[in-house]
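Contents: one structure, followed by commentary.
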Amino acid sequence: MLAPWLLSAGLKLLLWGGLCVVSLAGATLTLNLLQMVASFARKWHQMRPVPTVGDPYPLVGHALMLKPDSRDFFQQIIDYTEEYRHLPLLKLWLGPLPLVVLYNAENVEVILNSSKHIEKSYMYKFLEPWLGLGLLTSTGNKWRSRRKMLTPTFHFTILEDFLDVMNEQANILVTKLEKHVNQEAFNCFFYVTLCTLDIICETAMGKSIGAQSNDDSEYVRAVYRMSDSIHQRMKTPWLWLDLVFYMFKDGREHRRSLKIVHDFTNNVITERVNEMKRHEEGTSNDKEKDFPPHKTKCRAFLDLLLNVTDDQGNKLSHEDIREEVDTFMFEGHDTTAAAINWSLYLLGWYPEVQQKVDSELEEVFGKSDRPVTLEDLKKLKYLECVIKESLRLFPSVPFFARNLTQDCEVVGYKIVQGCQVIILPYALHRDPKYFPDPEEFKPERFFPENSKGRHTYAYVPFSAGPRNCIGQKFAIMEEKTILSCILRHFWVESNQKREELGLAGELILRPSNGIWIKLKRRNTDES
């Protein structure tokens, strides 16, 4: 008689316990929801004075008004900035998340010049599986320490060592382009991108991957698959959760590509460490202990990372080094390729500007196709103005985003902690206050006499302030080298109107329809 009673009591206790757990979970969920609603209401009230676009819907904000396609979305945001140019800033609500858009130099300075507002936006978290917490994605003390350690590795005397690689790969690109001379228009975007990928691999890791010769290599395909999947994930909110993303084919493919890229970088680092050890063991003369030997090969970024130390004398770990090598790879090829392509496109539309570049190249090189030297680069001042003006019209990075970790004030408006601040160089660079006739391509804007007095934060293609791009000198050097090689061999004609480009503002400002050009041969004297 006792057993049935115990069974019945046990079932009742189990049922009661289950109900308690469910009730507790429900209460916790309700409490969390109430806290979220209260936080949202508080932010809504605090941010209410900030100018907004239209009337946001309850709870979802402007989310239903924003266009899902990256091309349409980018154009929509740019249209907003043009429509509300008279206002100092704009506010959007993405669900409970407030987002403030800045496109005015004085207001941009408040964020970019701050040593407090240095935390990157939530969107950068999608890069962490690939780049870890390196210079691009880290924040706080780790970022400050890493930035201090890495700054010396981008000194101009070190960058000069990379010129041989840039010249070699630029000449391969010229050879690849030869088949298009006096032919129909072709899309040059991928050609240039493979060239910059080869350059960044060899300068970052001391490893030649031959992307221009073999664009079907496993590593090259993995890099492009990962970039594409990250772009796709950023514009698809339901893929933001890892659990959901990795359930789909794109997520699983991303994970496989990630393994290929990390395995490649890890193997290169291990090989380089072993080479360094063998070199040190085999030399007794201190002058011979530099690695790699100066007479045989230039030092790669990786070689420099293996030797840098922090203030306490600590070296970077294997994982730290991989983070920075992968970051250099990610930041250093797509952005530079985009800048070169935009320059070619604009030169092809403005033959009078291209003629001025041609005259400068003639003055510096004559009819020779010899390698570019550092002294040559210093003399190519008009070409540098062309690059700067191209980056004004088509900045490689279409937006910079910060997550505010504390409240701040912008032109009298309170911007609350947790707000995402978006800076749009594309709109900022079109402010007629600093750039009259902003849609016109005028490299002369960047002559010293014409730049004098211009607001420091009116032009920020490489960002600005403490988190500016550490590799901008490298980028300009590479762009000038490649463009000078191309333009010493070919005359460029563009075949698209601007409205036909299909601008897509993702991580990189891309022409979704490519860059279509025609090439004509210039007369050169092989000497």
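If you read the sequence shown in the working numbering, its first letter stands for residue 265, the second for the next number, and so on. Built from N, CA and C at the ideal position, the CB exists for glycine as well.
Strand pairing of residue 316, partner residues [DSSP]: Answer is 355.
Every unbroken alpha helix (DSSP H) inside the segment 326-370 [4 residues or more]: For the segment 326-370, whole alpha helix (DSSP H) runs of length 4 or above, ordered along the chain, are 334-347.
DSSP three-state assignment for residue 450, whether helix, strand or coil: Strand.
Residue 542, buried or exposed, once every other Cβ within 10 Å from all chains shown has been counted against 16: By the neighbour-count rule (16 or more Cβ atoms within 10 Å), residue 542 is not buried but exposed.
Alpha-carbon spacing of residue 546 relative to residue 417, whole angstroms: Residue 546 and residue 417 have their C-alpha atoms spaced approximately 26 Å apart.
Contact the segment 654-672 vs the segment 370-382: 3+ CB pairs below 8 Å: A contact exists between the segment 654-672 and the segment 370-382.
Residue from 713, 754, 686, 732 with nearest C-alpha to residue 338: A check of alpha carbon separations from residue 338 across 713, 754, 686, 732 identifies 686 as the nearest.
Option nearest residue 466 by Cα separation, candidates 565, 483, 388, 494: When only C-alpha atoms are compared, the closest one is 565.
Chain-order list of residues whose beta-carbon lies under 7 Å from that of residue 614 (same chain, five-residue window excluded): Around residue 614: 705.
Cβ neighbours of residue 456 in the same chain (closer than 6 Å, five flanking residues each side left out): Excluding residues within five positions, the ones whose Cβ falls inside 6 Å are 601, 604, 605.
Cβ-Cβ separation, residue 657 to residue 747 (assumed contact under 8 Å), whole Å: The Cβ separation is near 16 Å, so there is no contact.
Touching by the beta-carbon criterion (3+ pairs, under 8 Å), the segment 410-424 and the segment 729-747: Between the segment 410-424 and the segment 729-747 there are three or more inter-stretch CB-CB distances shorter than 8 Å, so the stretches are counted as touching.
7 Å CB neighbourhood of residue 710 in its chain, flanking five on each side removed: Excluding positions up to five away in sequence, the list reads 649, 652, 653.
Three-state class that DSSP yields for residue 723 in the structure shown: Coil.
Straight-line gap, residue 521 to residue 489 (C-alpha atoms, nearest Å): Taken atom to atom, the span from the alpha-carbon of residue 521 to that of residue 489 is near 7 Å.
Closest by C-alpha distance to residue 500, when choosing among 754, 677, 327, 529: Considering only alpha carbons, the answer is 327.
DSSP three-state assignment for residue 504, whether helix, strand or coil: In this structure, residue 504 counts as coil in the three-state DSSP scheme.
Nearest-angstrom Cα separation, counted from residue 391 out to residue 426: So the two alpha carbons sit approximately 27 Å from each other.
Separation of residue 754 from residue 559, as counted between CA atoms: With a pLDDT of 42 at residue 559, under the threshold of 50, the modelled position of that residue is not reliable, and no figure is offered here.
Residues that DSSP places opposite residue 666 in a beta bridge: Partner(s): 384, 685.
Option in 383, 715, 739 with minimal Cα separation from residue 660: The shortest Cα separation from residue 660 among 383, 715, 739 belongs to 739.
Test item: CB-CB of residue 363 and residue 353 under 8 Å: The Cβ atoms of residue 363 and residue 353 do not sit closer than 8 Å to each other.
Length of the line joining the Cα atoms of residue 630 and residue 440: Residue 630 and residue 440 have their C-alpha atoms roughly 23 Å apart.
DSSP three-state assignment for residue 775, whether helix, strand or coil: DSSP places residue 775 within a strand segment (E or B) once states are collapsed to three.
In DSSP terms, what residue 455 is bridged to: Bridge partners of residue 455: none, in fact.
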